[in-house]
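Asker: The following block contains the structure, expressed as structure tokens.
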Ligand SMILES: NC(=O)c1ccc[n+]([C@@H]2O[C@H](COP(=O)([O-])OP(=O)(O)OC[C@H]3O[C@@H](n4cnc5c(N)ncnc54)[C@H](O)[C@@H]3O)[C@@H](O)[C@H]2O)c1
């Protein structure tokens, strides 16, 4: 596994209590970062922070709802109060709901857009303000999705897909507005990742289709050219690269990490 030296840096991971966020928080810690693990579910955040400290790293658990601007600001303030600065932020918290567009009501749309799009904006704003105050740049990496570039098609994730297209758009504009401050903003676009989120998608689609639990996931995984489901650590590899000195000339990109499921 490639290794990037991030020692002495401070990172925040939202949605850090599960899945991809957990893998990225652990990876940042292994690369030498002090890590704030932020999650709506404070117990999950505490468990991941404990995993990091048990392994000899430094971590802080924060209970944060990314849809609330005051929470985003507090997340950054508490991280800086504990670790002295903020250098890297991974805006990862997200939710998915399966609903064909004709059945997507206002509550579903608002819930998805609030967490996946508004949450990314508020958290990135809070991070950028801190990084601008510090005056030495930083890295902001957003978690979009392959669904931020293409339609999920048979999997009825229309509102989710719209929210992830929004993350790609926000990433490009953030990169342009904040490059002058040395803040590099990029996003990652994972494919089918083996996390609790995909278990929910599988169950909801299977129920709608009257198919066995697990069959939807198996069907989709069979379309991945690399030939296996993506692991959270596969995403963490790319996020670690984008946080590293080796990515110092990369900005505004929506980087595919889908094992070849989509071509760009
Ligand atoms: N699993 C996949 O196949 C896949 C693919 C592409 C992109 N993604 C994206 O990756 C990100 C992480 O997904 P995952 O698969 O690890 O999911 P997950 O469900 O395992 O973890 C998501 C975490 O986000 C937290 N969260 C939810 N709402 C929040 C809020 N309002 N404030 C703070 N935290 C909140 C949850 O408590 C949970 O711990 C999401 O943005 C998701 O859209 C996932």
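Numbering (this note's numbering), first residue to last: 10 to 273. The beta-carbon is built from N, C-alpha and C at its ideal position, and this holds for glycine as well.
(1) To the nearest angstrom, report how far apart residue 194 and residue 82 are at their CA atoms.
(2) For residue 205, collect the residues of the same chain with a Cβ closer than 7 Å to its Cβ; drop the 5 residues on either side in sequence, then sort them by chain order.
(3) Rounded to whole angstroms, what is the Cα-Cα separation between residue 53 and residue 157?
(4) How big is the Cα-Cα spacing for residue 215 and residue 225?
(5) Ligand 1 heavy atoms versus the CB of residue 205: any closer than 8 Å?
(6) Suppose only complete runs of 4+ residues qualify. What are the alpha helix (DSSP H) ranges in the segment 198-261, listed by chain order?
(7) Residue 227: buried (16+ other C-beta within 10 angstroms of its C-beta) or exposed?
(8) Just to confirm my understanding: we take residue 37, look at its own chain, exclude 5 residues before and 5 after, and list those with CB closer than 6 Å. What are they?
(9) In the DSSP assignment, the beta strand (DSSP E) including residue 265 goes from what residue to what residue?
(10) For ligand 1, is there a heavy atom less than 8 Å away from the beta-carbon of residue 105?
(11) Quick check on the DSSP output: the beta strand (DSSP E) that includes residue 104 runs from which residue to which?
(12) Between which two residues does the beta strand (DSSP E) containing residue 147 stretch?
(13) So within the segment 37-107, which uninterrupted alpha helix (DSSP H) runs reach at least 4 residues, ignoring any that extend past its ends?
(14) Within the present structure, is the beta-carbon of residue 49 separated from the nearest heavy atom of ligand 1 by less than 8 Å?
(15) Can you tell me where the beta strand (DSSP E) with residue 21 in it begins and where it stops?
(16) Which of helix, strand or coil does DSSP assign to residue 15?
(17) Should residue 85 and residue 69 be called a contact, given that it needs their Cβ atoms to be closer than 9 Å?
(18) Can you give me the start and stop residues for the alpha helix (DSSP H) that residue 143 sits inside?
(19) Once you ignore the five residues that flank residue 103 on each side, which residues in its own chain have a CB closer than 7 Å to its CB?
(20) According to DSSP, residue 271 sits in a beta bridge with which residue or residues?
(21) Any heavy atom of ligand 1 within a distance shorter than 8 Å of the CB on residue 178?
(22) How is residue 121 classed by DSSP in three states: helix, strand or coil?
(23) Can you grab the Cα-Cα spacing for the pair residue 160 / residue 170, in whole Å?
Answerer: In terms of the structure at hand:
(1) Against the chain shown, residue 194 aligns to sequence position 185. Against the chain shown, residue 82 aligns to sequence position 73. Using only the alpha carbons, I get a separation of about 19 Å.
(2) In the chain shown, residue 205 corresponds to position 196, counting from 1. Cβ contact annotation for residue 205 (same chain, cutoff 7 Å, sequence separation greater than five): 27 and 28, in chain order.
(3) Locating residue 53 in the chain shown gives position 44, where the first residue counts as 1. Locating residue 157 in the chain shown gives position 148, where the first residue counts as 1. Looking at the two C-alpha atoms, the distance is approximately 27 Å.
(4) Here residue 215 refers to the residue found at position 206 when the chain shown is read from its first residue. Here residue 225 refers to the residue found at position 216 when the chain shown is read from its first residue. Each residue's alpha carbon lies about 6 Å from the other.
(5) Counting from 1 along the chain shown, the entry for residue 205 is found at position 196. At least one heavy atom of ligand 1 is nearer than 8 Å to the Cβ of residue 205, so yes.
(6) If only complete runs of 4 or more residues are kept, the segment 198-261 shows the alpha helix (DSSP H) at 205-218, 224-230 and 241-252, in order along the chain.
(7) As a position in the chain shown, residue 227 is number 218, starting the count at 1. With fewer than 16 other Cβ atoms within 10 Å, it is exposed.
(8) Here residue 37 refers to the residue found at position 28 of the chain shown. Result list for residue 37: 20 and 44, in chain order.
(9) Counting from 1 along the chain shown, the entry for residue 265 is found at position 256. For residue 265, the enclosing beta strand (DSSP E) starts and ends at 263-266.
(10) Reading the chain shown from its first residue, position 96 is the one you call residue 105. Yes.
(11) Indexing the chain shown from 1 puts residue 104 at position 95. In the DSSP annotation of this structure, residue 104 is not part of any beta strand (DSSP E), being labelled neither H nor E.
(12) Indexing the chain shown from 1 puts residue 147 at position 138. Counted as a single uninterrupted DSSP element, the beta strand (DSSP E) harbouring residue 147 occupies residues 147-152.
(13) Within the segment 37-107, the complete alpha helix (DSSP H) runs of at least 4 residues fall at 51-63 and 78-92.
(14) Walking along the chain shown from the start, residue 49 turns up at place 40. Taking the Cβ of residue 49 as the reference point, at least one heavy atom of ligand 1 falls within a distance shorter than 8 Å.
(15) Translated into positions along the chain shown, residue 21 becomes position 12. Unbroken beta strand (DSSP E) run through residue 21: 19-23.
(16) Numbered from its first residue, the chain shown carries residue 15 at position 6. It is coil, neither helix nor strand.
(17) Within the chain shown, residue 85 is the residue found at index 76, counting from 1. Within the chain shown, residue 69 is the residue found at index 60, counting from 1. Between residue 85 and residue 69, the gap from beta carbon to beta carbon reaches 9 Å or more.
(18) Here residue 143 refers to the residue found at position 134 when the chain shown is read from its first residue. Per DSSP, residue 143 is one residue of the alpha helix (DSSP H) stretching across 128-143.
(19) Stepping through the chain shown from its first residue, residue 103 is reached at position 94. Taking C-beta separations shorter than 7 Å and ignoring five residues to either side along the sequence, the partners of residue 103 in its chain run 24, 124, 125 and 152, following chain order.
(20) Here residue 271 refers to the residue found at position 262 when the chain shown is read from its first residue. Answer is none; residue 271 lacks a bridge partner.
(21) The residue labelled residue 178 in the question sits at position 169 within the chain shown. Result no, Cβ not under 8 Å from ligand 1.
(22) One-based indexing of the chain shown puts residue 121 at position 112. Looking at residue 121 - three-state DSSP - the assignment turns out to be helix.
(23) As a working note, residue 160 is residue 151 in the chain shown. As a working note, residue 170 is residue 161 in the chain shown. As the crow flies, the alpha-carbon of residue 160 is around 7 Å from that of residue 170.
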